[in-house]
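Q: A single structure is presented below for examination.
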Amino acid sequence: MKTVNTLLALILGGCIALSAQAQDQRDYHEMVYDSGCKTCHDQGMKAFPSDESCLQCHDMSELAEQTKREGHEAQQNPHDSMHYGQEAPCMECHGEHKPKQAICMDCHNFDFPKFKQ
Ligand code: HEC
Ligand code: HEC
Ligand code: HEC
Ligand code: HEC
């Protein structure tokens, strides 16, 4: 009986630890969560994911194409901007568990209709 109780305590303890770790998730990444936190967290759970992790599934030149703009707005493309080209790290602008705004908004007031804070 004692071992059973110990086992139960361990299991319950495990559940509490897990729920304490629960993180806000983006709907659009539901599939990613199905394959586990480490699909993104390639640098361990205590660190932010690397850009390479996002680039497993996303492609920077495709993104630059998707968010391309015309005329005087051409250089406002967040994925190919006049300041950083295609080199800005994803997490300067995109959050996963917390809302975030694109770093451009620190200094400008652009309209990014497709952005999900
Ligand atoms: C295992 C694959 C996978 C990984 C890893 C991944 N994503 Fe995604 N992501 C997707 C899929 C699938 C979608 C939904 C389809 C789409 O919009 O491309 C998506 C959607 C998104 C969207 C929203 C698109 C919209 O609808 O506006 C953003 C922003 C995004 N991902 C950023 C990131 C960032 C930043 C990382 C790294 C921290 C990342 N993703 C890692 C697969 C992935
Ligand atoms: C789609 C990619 C993705 C998935 C899947 C994901 N994370 Fe994250 N995680 C991020 C990003 C991006 C950040 C940094 C920005 C933020 O917090 O919004 C982060 C940050 C964190 C942090 C904060 C680390 C620090 O240094 O402050 C924790 C803790 C964390 N994630 C836990 C989890 C857990 C637990 C899961 C699985 C339930 C998970 N993450 C799944 C992308 C992801
Ligand atoms: C730390 C502040 C800062 C950040 C962050 C920043 N910019 Fe700028 N940006 C400036 C300054 C300063 C100028 C030059 C002054 C001007 O012409 O407005 C400028 C000029 C521009 C211009 C030409 C002028 C205009 O307003 O049309 C564009 C386009 C631009 N930035 C796009 C971006 C984009 C896209 C991002 C995000 C990827 C970004 N900037 C991030 C400070 C910033
Ligand atoms: C300088 C800021 C910035 C950086 C860096 C950045 N993004 Fe974005 N991203 C944005 C903004 C802003 C939008 C919305 C653009 C719009 O509304 O036209 C966006 C849109 C997206 C979308 C949706 C595209 C669509 O057509 O709906 C995805 C997916 C995405 N980003 C993924 C990424 C990934 C992955 C990285 C890193 C490889 C990254 N982004 C780097 C600012 C950024």
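Numbering-wise, the sequence shown is residues -22 to -1, 1 to 95 according to mature numbering (1 follows the signal peptide of the UniProt record, and there is no 0). Glycine included, C-beta positions come from ideal geometry on N, C-alpha and C. Fair warning: this is a prediction, and the values are worked out from it, not measured in the lab.
#1: Using the rule of at least 16 other Cβ atoms within 10 Å of the residue's Cβ for burial, across every protein chain shown, is A66 buried or exposed?
#2: Express the C-alpha separation of Y62 and A25 in angstroms, rounding to a whole number.
#3: Determine the contact status of S28 and Q21, defining contact as a CB-CB distance below 8 Å.
#4: Can C18 be considered in contact with ligand 1, in the sense that its beta carbon sits closer than 7 Å to one or more heavy atoms?
#5: Going by DSSP in three states, G22 sits in which element: helix, strand or coil?
#6: What I want to know is whether the C-beta of C82 ends up closer than 7 Å to one or more non-hydrogen atoms of ligand 2.
#7: Return yes when at least one heavy atom of ligand 4 lies under 7 Å from the C-beta of S39, else no.
A: A quick look at the data gives this:
#1: buried
#2: 24 Å
#3: yes
#4: yes
#5: G22: coil per DSSP, three-state reduction.
#6: no
#7: no
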